[in-house]
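Undergrad: Below: one structure in structure tokens.
Number of protein chains: 2
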Amino acid sequence: MTRSRLDASGAAAARLPRGLRRAWALDTSAPKRGPKASLSIARILDEAVSVADAEGLPGVTLTRLAEGFGVSTNALYRYFDSREELDLLLHDHALGTPQAPARERGSWQDSVRAWAHALRARYVAHPWLFDLRIRVPLTPHSLAWLEMLLTALEHSGLDDVQVLRAAALLDGYVRWNSAAARDVAEHRASAVDGTAVLGVIGPLLAERGMPRIAALFDQGLYRDAQGDDDADFDYGLSCIISGLSQGADQR
Amino acid sequence: MTRSRLDASGAAAARLPRGLRRAWALDTSAPKRGPKASLSIARILDEAVSVADAEGLPGVTLTRLAEGFGVSTNALYRYFDSREELDLLLHDHALGTPQAPARERGSWQDSVRAWAHALRARYVAHPWLFDLRIRVPLTPHSLAWLEMLLTALEHSGLDDVQVLRAAALLDGYVRWNSAAARDVAEHRASAVDGTAVLGVIGPLLAERGMPRIAALFDQGLYRDAQGDDDADFDYGLSCIISGLSQGADQR
DNA sequence: AGGATTAGTGTATCGCATGCACAGTTCATA
DNA sequence: TATGAACTGTGCATGCGATACACTAATCCT
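Those sequence lines, one after another, are chains F and U.
Going left to right, the first sequence walks through residues 1 to 251 as our numbering numbers them.
Going left to right, the second sequence walks through residues 252 to 502 as our numbering numbers them.
Now the structure itself:
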């Protein structure tokens, strides 16, 4: 994979990290000599997604993937340069293409709401996405989702800077909320029996100057809140949208 | 560290994961026989924080810590059971005690704002906290911060369920925003020169059906936004608080 | 004094990413 | 049509981090 494999935009693209080049499909030309590749990055990513969906990200190991394909571990390095790059591609791959641009009819608030629910669905489908530590995902699908959000915000009346901030806020909310919901759900399912934990910590709270949390624990709010994930999500989303609307009005 | 080392609350506490027991200082009694410990979990945590502050979390390695103390790696296992437990304790340790309860005077909105800024300051001081993957931090300091937030929300007029949701929303916002700001800052600083990346990707965006992001890139909004972290943070915070206020009014 | 406890050491293992040299393929060109 | 450059995949080896285990040494209760 030398410079010669780069297409037209190659000159500048050469300065991009390999992962981004691959993510944007900037290395187009297929090799002309040598054996045909038995795999493809796409197949590898599909497999990785399957494994991750089934066993979580820790199950996604180069060794594991290679076994799945019946090749040696190092063979995979023909398709990406490092585990880190694989992670980046995996992230973008699992995120997928956002659904068609928000419907024209309806308020921008509704569009944003729809966007948020759609993105959330992706995270629910691939909860391990949060275990991938992708700092700044300048990848096609990531940005495509952002583009959709910007579209939804187009008639919000917010100025450019505000739109950017709103997008960051909304995107962050969806991700954060989804991650938190997943963590809590897992905790409930796996912990040393969540009840036992609360049973011990609850009483401690009052002793240690945390009466309000203690009260919440007593009321069982920490426990019974389960299943209300959707309602929780909508509540926060409404808050944010309502806050944004107000900001837009005040301009 | 057998059952005999547990204090009064020991019977029930025995079901708690070791890490939580230690975090809540439920194992109080000191050993009566044997050599004196040359270290303490507190010293280890202090050291770990120093290393993490200086070199990031990857620098925090059992080997590294042990070297710092001049003991063997395995000696550390006398103070915690696993790396995972160390991480939990480290998280709680670095979070620290929240400052005194929000001032009495002022609106609840101001209290919340102050709380958010205070927590954010902690994350700015220890950016590696986000690299620690603590799912559900039922630890003293974590809950202490939550308690402060609940205090601030006490006169918000929100009902119990809403307060819990508001707390999750605000807490999540601070964490998410701080993490994102850190990631972007790091990216700008270290990337293959952020400019080069944008220079290549920017033109691609228009070609690939993302005109709005392309426009943002053109305007340099992605680049120039730097340094506005505080303003960005306040904008989002205001949105949320304003949204919460509205919800409270409508009740 | 003696044994139970506990701290710290040394050695070894395991999982995982990864570097390197090499063998086997395939095709463009001389 | 031979020949070698361009490629794919293999085997072997290394390094790092966490962690198990067996052992020595210290300390104190009885």
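Built from N, CA and C at the ideal position, the CB exists for glycine as well.
Short of 8 Å in beta carbon distance, which residues of its chain neighbour Asp469/U, apart from the five on each side in sequence? Order them along the chain.
TA: Translated into the one-based positions of the second sequence, residue 469/U becomes position 218. Non-local beta-carbon contacts of Asp469/U in its own chain, meaning distances under 8 Å to residues more than five positions away in sequence, involve Gly453 in chain order.
Undergrad: Sort Ser393/U, Val451/U and Cys490/U by Cα distance to Ala25/F and report the nearest one.
TA: Translated into positions along the first sequence, residue 25/F becomes position 25. Looking at the Cα atoms, Val451/U is the closest of the given residues.
Undergrad: Tell me whether Ser40/F is buried or exposed, calling it buried when 16 or more other Cβ atoms sit within 10 Å of its Cβ.
TA: Along the first sequence, one-based indexing puts residue 40/F at 40. Exposed, since its Cβ has fewer than 16 Cβ neighbours within 10 Å.
Undergrad: In three-state terms, what does DSSP make of Val425/U?
TA: As a working mapping, residue 425/U is identified with position 174 in the second sequence. Here DSSP, grouped into helix, strand and coil, assigns Val425/U to helix.
Undergrad: Counting only Cβ pairs nearer than 8 Å, list the residues of chain F close to Gln360/U.
TA: Within the second sequence, residue 360/U is the residue found at index 109, counting from 1. Result: empty, since nearest Cβ-Cβ is about 12 Å, beyond 8 Å.
Undergrad: Does any residue of chain F bring its CB to less than 7 Å from the CB of Gln497/U?
TA: Here residue 497/U corresponds to residue number 246 of the second sequence, with the count starting at 1. Judged by the 7 Å Cβ criterion, Gln497/U is in contact with chain F.
Undergrad: Quick one: list the residues of chain U neighbouring Pro140/F, beta-carbon separation under 8 Å, in chain order.
TA: As a working note, residue 140/F is residue 140 in the first sequence. Arg459, listed in chain order.
Undergrad: Give me the Cα-Cα distance between Trp427/U and Ala326/U, rounded to the nearest whole angstrom.
TA: Sequence index remark: in the second sequence, residue 427/U carries index 176 (1-based). Sequence index remark: in the second sequence, residue 326/U carries index 75 (1-based). Their backbone Cα atoms lie some 36 Å apart in a straight line.
Undergrad: Could you give the distance in angstroms between the alpha-carbon of Thr324/U and the alpha-carbon of Leu267/U?
TA: Residue numbering aside, residue 324/U sits at position 73 when the second sequence is read from its first letter. Residue numbering aside, residue 267/U sits at position 16 when the second sequence is read from its first letter. Approximately 26 Å, taken between the alpha carbons.
Undergrad: Where are the beta strand (DSSP E) runs, 3 residues long or more, that stay fully inside the stretch 382 to 411 of chain U, in chain order?
TA: none
Undergrad: Do you know how far the Cα of Cys490/U is from the Cα of Ala372/U?
TA: Taking the second sequence and counting its residues from 1, one reaches residue 372/U at position 121. Taking the second sequence and counting its residues from 1, one reaches residue 490/U at position 239. Taking the CA atoms as reference points, Ala372/U sits about 20 Å from Cys490/U.
Undergrad: Identify each residue in the stretch 316 to 350 of chain U for which the Cβ-Cβ distance to at least one residue of chain F is less than 8 Å, and report them in chain order.
TA: none
Undergrad: Interface residues of chain U around Asp232/F at Cβ under 8 Å?
TA: The residue given as residue 232/F occupies position 232 in the first sequence. Arg416 and Ala419, listed in chain order.
Undergrad: My output table needs one value for Gly106/F: the three-state DSSP class, helix, strand or coil.
TA: Your numbering for residue 106/F matches position 106 in the first sequence. Looking at Gly106/F - three-state DSSP - the assignment turns out to be coil, as it is neither helix nor strand.
Undergrad: Just to make sure I have the definition right: I need the residues of chain F whose C-beta is within less than 8 Å of the C-beta of Gly270/U. Which are they?
TA: To locate residue 270/U, count along the second sequence from 1; it is residue 19. Ordered by position in chain F, no residue passes the 8 Å Cβ test against Gly270/U, which lies about 11 Å from the chain.
Undergrad: When the cut-off is 7 Å and only beta carbons count, does Arg463/U lie next to chain F?
TA: What you label residue 463/U is simply residue 212 of the second sequence in a count that begins at 1. Yes, Arg463/U counts as interfacial toward chain F.
Undergrad: Given Gly347/U, which residues of its chain have a CB within under 7 Å of its CB, disregarding the five upstream and five downstream residues?
TA: Here residue 347/U refers to the residue found at position 96 of the second sequence. Hits under 7 Å: Arg373 and His392.
Undergrad: Counting only Cβ pairs nearer than 8 Å, list the residues of chain U close to Thr151/F.
TA: The residue given as residue 151/F occupies position 151 in the first sequence. Those within 8 Å of Thr151/F in chain U are Arg463.
Undergrad: Which residue comes first and which comes last in the alpha helix (DSSP H) that contains Ile211/F?
TA: The residue labelled residue 211/F in the question sits at position 211 within the first sequence. It is worth fixing the name first, because residue 211/F is Pro in this sequence and not Ile. Where Pro211/F is concerned, the enclosing alpha helix (DSSP H) stretches over Pro211 to Gln219.
Undergrad: Is Pro309/U helix, strand or coil when you go by DSSP?
TA: Residue 309/U sits at position 58 when you count from the first residue of the second sequence. Pro309/U: helix per DSSP, three-state reduction.
Undergrad: Check the Cβ of Ser493/U against every Cβ in chain F and list those closer than 8 Å, keeping chain order.
TA: As a working mapping, residue 493/U is identified with position 242 in the second sequence. Within 8 Å Cβ-Cβ: Ser242, Gly243, Gln246 and Gly247.
Undergrad: Would you say Glu55/F reaches chain U, if we count a Cβ-Cβ gap shorter than 7 Å as a contact?
TA: Numbered from its first residue, the first sequence carries residue 55/F at position 55. Cβ-Cβ to chain U under 7 Å: no for Glu55/F.
Undergrad: Helix, strand or coil: which one does DSSP assign to Gln497/U?
TA: On the second sequence, position 246 is the one that residue 497/U refers to. In the structure shown, Gln497/U sits in a helix (DSSP, three-state: H, G or I).
Undergrad: Find the residues of chain U that neighbour Trp145/F, judging by a C-beta separation of less than 7 Å, and give them in chain order.
TA: Counting from one through the first sequence, the residue named residue 145/F turns up at place 145. Going along chain U, no residue has its Cβ under 7 Å from Trp145/F, so there is no contact; the nearest lies around 10 Å.
Undergrad: Comparing C-alpha positions only, which one of Arg356/U, Arg463/U, Arg384/U and Tyr424/U sits nearest to Ala403/U?
TA: The residue labelled residue 403/U in the question sits at position 152 within the second sequence. Checking every option, the nearest Cα to that of Ala403/U belongs to Arg356/U.
Undergrad: Where His344/U and Trp145/F are concerned, what is the direct C-alpha to C-alpha distance, given to the nearest angstrom?
TA: Reading the second sequence from its first residue, position 93 is the one you call residue 344/U. Reading the first sequence from its first residue, position 145 is the one you call residue 145/F. If I take the Cα positions, the gap works out to 37 Å.
Undergrad: With a cut-off of 8 Å, do at least 3 Cβ pairs link the stretch 300 to 313 of chain U to the stretch 376 to 384 of chain U?
TA: Output reads yes: the stretch 376 to 384 of chain U touches the stretch 300 to 313 of chain U.
Undergrad: Do Leu370/U and Val302/U come within 7 Å of each other at the CB atom, strictly closer than that value?
TA: Position 51 of the second sequence holds residue 302/U. Position 119 of the second sequence holds residue 370/U. For Val302/U and Leu370/U, no; Cβs fall outside 7 Å.
Undergrad: If you drop the 5 nearest sequence neighbours on each side, which residues of the same chain put their C-beta closer than 6 Å to that of Gly319/U?
TA: Within the second sequence, numbered from 1, the residue matching residue 319/U stands at position 68. Cβ neighbours of Gly319/U beyond the five flanking positions: Glu298.
Undergrad: Should Gly236/F go down as buried or exposed, given a rule of 16 or more other Cβ atoms within 10 Å for buried?
TA: Position 236 of the first sequence holds residue 236/F. The residue in question, Gly236/F, is buried, as its Cβ has 16 or more Cβ neighbours within 10 Å.
Undergrad: For a contact meaning CB atoms closer than 9 Å, what does Gly423/U contact in chain F?
TA: The residue given as residue 423/U occupies position 172 in the second sequence. Going along chain F in sequence order, the residues near Gly423/U (Cβ under 9 Å) are Gly172, Tyr173, Trp176, Asn177, Ala179, Ala180 and Gly236.
Undergrad: Assign Tyr235/F to one of three DSSP states: helix, strand, or coil.
TA: Taking the first residue of the first sequence as position 1, residue 235/F is located at position 235. Helix.
Undergrad: To which residues of the same chain is Arg269/U closer than 7 Å at the C-beta, ignoring the five residues directly before and after it?
TA: As a working mapping, residue 269/U is identified with position 18 in the second sequence. Excluding residues within five positions, the ones whose Cβ falls inside 7 Å are Asp332 and Glu336.
Undergrad: In its own chain, which residues sit with a C-beta less than 7 Å from the C-beta of Ala274/U, not counting the 5 before and 5 after it?
TA: For the purposes of this step, residue 274/U is identified with residue 23 of the second sequence, where counting begins at 1. Listed in chain order, the non-local C-beta contacts of Ala274/U below 7 Å within the same chain comprise Leu339, Leu340, Asp343, Thr390 and Pro391, local neighbours out to five positions each way being set aside.
Undergrad: By the criterion of Cβ-Cβ separation under 7 Å, what are the contact partners of His187/F in chain U?
TA: On the first sequence, residue 187/F is found 187 positions in, with the first residue counted as 1. Neighbourhood of His187/F in chain U, by CB distance below 7 Å: Arg386 and Val387, in chain order.
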